[in-house]
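Novice: Structure in structure tokens, see below.
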Amino acid sequence: MPNAVTIAGTGSYLPEKVMTNDDLSKIVDTNDEWIFSRTGIRERRIAAEGEFTSHLATKAAEKALEQSGIPAEEIDLIIVATITPDTLTPATACYVQENLGASKAVAFDISAACSGFLYAMKIAKRMIETGAFENALIIGAEKLSAFVNWNDRTTCVLFGDGAGAAVLRKSEEGEGHILATDIGTDGRQTHLLNIPGGGSACPTTIENAAEGLAALSMLGKEVFKHAVTRMKNSANEVIARAGLKPEEIALVIPHQANVRIIDAIAARLDVPNDRIFVNLHKYGNTSAAAIAIALDEANRTGKIKPGDKIIMVAFGAGLTWAAAAIEW
Ligand code: ACO
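So in this note's numbering the end of the sequence shown lands on 331, straight run, no missing numbers.
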């Protein structure tokens, strides 16, 4: 029998600086009414100049470790999900390992955009199930403010910075555990959402530097349609695999990209709105960090209790999607 895997602790960190929709209207031609009615976002956090993705990740991880009661030295796997790494190499997870003093841990990054935290959860779960690793730290962390084009009103209003983390370990008798996970990819849709520059396909050069190609580019309407279908299907997949009925679900934590997408998914899953977790009005879309931050907020504010069945579901560039069903 594979080991059952539980979440022993969660943590999150949001940078101090708040940028409101009104602040944005001083930078680009936009306004609070447009942003809030189209997305549900009121404000987002922006990391300080010297504050990198690894710093946000480390602060979230410290809180998750503290809650889990597992010291950093006993973590043997660190996965950071991010599309905004400190450096292309080494992995952001290596900086986090050093910051935490988790010297025994194997540390690497994964790139699955907004689905990254749940991809990391699936990888870590499998590793613990097989006995390859005992204690895993999974982190979703993003400094998206460093990768948005601040002249493009169609994207810069959507994103924010932050990090969330969870510690996974073998579940003991009577504890909750991860019931089911699902991950998927459709590489035919890479053109819908990407950062075209800064990689080997289009390195930043003196000639193209001013074009700002190392910034998020998105065909929002197309992404919207895929997001609803893929998240609905992925959530239903884990609900079926976990043998849950809609009325048994205490909380759904969807990716925090757009409240209209969240409403559309809630309607399709047949779960009432008061059981759908939403915090994107405060933080915007923090990509891989969004679900991790929301999970920590739900945990620490008592929205989830031992024995509750919860669903997390995400969608992002790739296109990627992922879901998890958990007994808390
Ligand atoms: N302020 C004012 N007007 C704006 C703004 C703005 N910030 N941005 C666009 N507009 C204008 C457009 O120019 C357009 O004007 P036009 O009609 O004169 O041409 C009009 O508003 C409508 O624009 P649309 O793009 O059609 O607006 P839409 O209703 O589709 O909303 C949005 C755009 C919010 C981006 C939506 O499509 C969306 O949320 N898409 C999904 C994004 C998502 O889920 N991403 C998840 C993954 S993110 C990741 O993986 C990193």
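Beta carbons: idealized from backbone N, C-alpha and C, even for Gly. None of the values given here were measured: they were computed from a predicted structure.
Of all the options Ala320, Ile329, His284, Trp324, which has the alpha carbon lying nearest to the alpha carbon of Asn302?
Specialist: Sequence index remark: in the sequence shown, residue 302 carries index 299 (1-based). Comparing Cα positions, the closest option is Ile329.
Novice: Taking the continuous beta strand (DSSP E) assigned at Gly12, which residues delimit it?
Specialist: Taking the sequence shown and counting its residues from 1, the one referred to as residue 12 is at position 9. Start and end: 8-16.
Novice: What runs of the alpha helix (DSSP H), each 4 residues or longer, lie entirely inside the segment 161-245?
Specialist: DSSP runs (the alpha helix (DSSP H)) wholly in the segment 161-245: 223-244.
Novice: Looking at the unbroken alpha helix (DSSP H) that takes in Lys62, where does it start and where does it end?
Specialist: By one-based count along the sequence shown, residue 62 stands at place 59. Taken as a continuous stretch (DSSP letters only), the alpha helix (DSSP H) holding Lys62 covers 56-71.
Novice: Would you mind reading off the limits of the beta strand (DSSP E) that contains Arg41?
Specialist: Position 38 of the sequence shown holds residue 41. Run containing Arg41: none in the beta strand (DSSP E); it sits in the alpha helix (DSSP H), 35-42.
Novice: Mind pulling the beta strand (DSSP E) runs of 3 or more residues that sit fully within the segment 248-318?
Specialist: Whole beta strand (DSSP E) segments, 3+ residues: 252-257.
Novice: Please find out if some non-hydrogen atom of the ligand ACO comes closer than 7 Å to the beta-carbon of Asn334.
Specialist: Not covered by the structure: residue 334. The range shown for the chain is 4 to 331.
Novice: Kindly indicate which three-state DSSP category Asp112 falls into: helix, strand or coil?
Specialist: As a working note, residue 112 is residue 109 in the sequence shown. Reduced to three states, the DSSP call for Asp112 is strand.
Novice: Could you check what DSSP says for Glu132 in three-state terms: helix, strand or coil?
Specialist: The residue given as residue 132 occupies position 129 in the sequence shown. Here Glu132 sits in helix by DSSP.
Novice: Would you say Gly165 and Leu283 are within 8 Å of each other, going by their C-beta atoms?
Specialist: Residue numbering aside, residue 165 sits at position 162 when the sequence shown is read from its first letter. Residue numbering aside, residue 283 sits at position 280 when the sequence shown is read from its first letter. Cβ atoms of Gly165 and Leu283: not closer than 8 Å.
Novice: Just curious, the beta strand (DSSP E) that Glu330 is in, first and last residue?
Specialist: As a position in the sequence shown, residue 330 is number 327, starting the count at 1. Counting along the chain, the beta strand (DSSP E) containing Glu330 begins and ends at 323-330.
Novice: Decide yes or no for the touch test of the segment 56-68 against the segment 155-169: beta carbon pairs closer than 8 Å, at least 3 of them.
Specialist: They touch, by the three-pair rule.
Novice: For Ile142, tell me which candidate among Asn239, Lys125, Thr157 has the shortest Cα-Cα distance.
Specialist: Working through the sequence shown from its first residue, we reach residue 142 at position 139. Minimum Cα distance to Ile142 is reached at Lys125.
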